[in-house]
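Asker: According to the numbering used here, the sequence shown is numbered sequentially starting from 80.
The beta carbon of each residue, even a glycine, is placed where N, CA and C say it ideally should be.
Keep in mind the model is a prediction, meaning the values are calculated, not measured.
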Amino acid sequence: PTVAARDVRTRELGVRPRFERRANEYNDDIHRRIVGYVATNNVELTLRDLDQASDLLDALLSARAQNMGGPQFSLAEPEPARAAARRDAVALARREAEEYAAALGMRVARVLRVSERSRYVSTDGSIIVTGSRISAAPIEPGEVSTMVTVWVDFALAPE
Numbered sequence: 080p081t082v083a084a085r086d087v088r089t090r091e092l093g094v095r096p097r098f099e100r101r102a103n104e105y106n107d108d109i110h111r112r113i114v115g116y117v118a119t120n121n122v123e124l125t126l127r128d129l130d131q132a133s134d135l136l137d138a139l140l141s142a143r144a145q146n147m148g149g150p151q152f153s154l155a156e157p158e159p160a161r162a163a164a165r166r167d168a169v170a171l172a173r174r175e176a177e178e179y180a181a182a183l184g185m186r187v188a189r190v191l192r193v194s195e196r197s198r199y200v201s202t203d204g205s206i207i208v209t210g211s212r213i214s215a216a217p218i219e220p221g222e223v224s225t226m227v228t229v230w231v232d233f234a235l236a237p238e
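1) Taking DSSP's pairing of strands, which residues face residue 112 in a bridge?
2) Kindly indicate which three-state DSSP category residue 83 falls into: helix, strand or coil?
3) Just reading off the alpha helix (DSSP H) that residue 232 is part of, what are its end residues?
4) If you follow the alpha helix (DSSP H) that residue 159 is part of, which residue opens it and which one closes it?
5) Does the distance from the C-beta atom of residue 125 to that of residue 91 stay below 8 Å?
6) From residue 153 to residue 84, what does the alpha carbon distance come to, in whole angstroms?
7) DSSP state of residue 154, grouped into three classes?
8) Could you compute how far the alpha carbon of residue 101 sits from the alpha carbon of residue 114?
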């Protein structure tokens with residue numbers, strides 16, 4: 080599988096001490112001494128061709144990757160979905176305001192304020208790797224959705 084250089088990103092690089100622990104007669108861990116260091120390098124890969132996912136997982140296992148998480152699916156271009164979600168949310172807010180106004184014997188006069196809370200919703204799949212050699216894992220994206228919550232304050236006026 081091919082992952083472009085722009086799709087490889089170091090997420091975390093660290094070095095931490097490894098200790099030898101010796102307990103005293105009360106089983107307290109007070110005698111600790113550094114016996115070495117553990118280095119970690121966490122890398123994030125973006126795979127744009129889902130058909131290569133199983134091969135990439137195989138390659139990571141063959142390269143002796145020790146910890147893997149994901150996959151996390153996302154939209155390559157999320158803005159059109161967000162724009163559609165905004166339009167739908169505003170239309171729904173308007174319909175609801177008109178229902179409230181009608182129930183009160185009033186009409187919607189104007190918009191006073193609009194605010195948005197956006198969030199990306201994904202079906203997060205986890206890959207769990209056991210000690211045994213596994214065959215190629217099927218990777219299916221499922222559904223990815225974008226949700227926009229819009230608060231709209233409307234001014235109501237008498238009919």
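Answerer: Reading off the structure:
1) Beta-bridge partners assigned by DSSP to residue 112: 99.
2) DSSP places residue 83 in coil when its eight states are reduced to three.
3) Looking at the DSSP string, residue 232 is not in any alpha helix (DSSP H); the run it does join, the beta strand (DSSP E), is 224-237.
4) Run containing residue 159: 158-182, per the alpha helix (DSSP H) assignment.
5) No, Cβ-Cβ distance for residue 125 and residue 91 is not below 8 Å.
6) Cα to Cα, the separation comes out at about 19 Å.
7) Coil at residue 154, not helix or strand.
8) Rounded to whole angstroms, residue 101 to residue 114 spans 12 Å at the Cα level.
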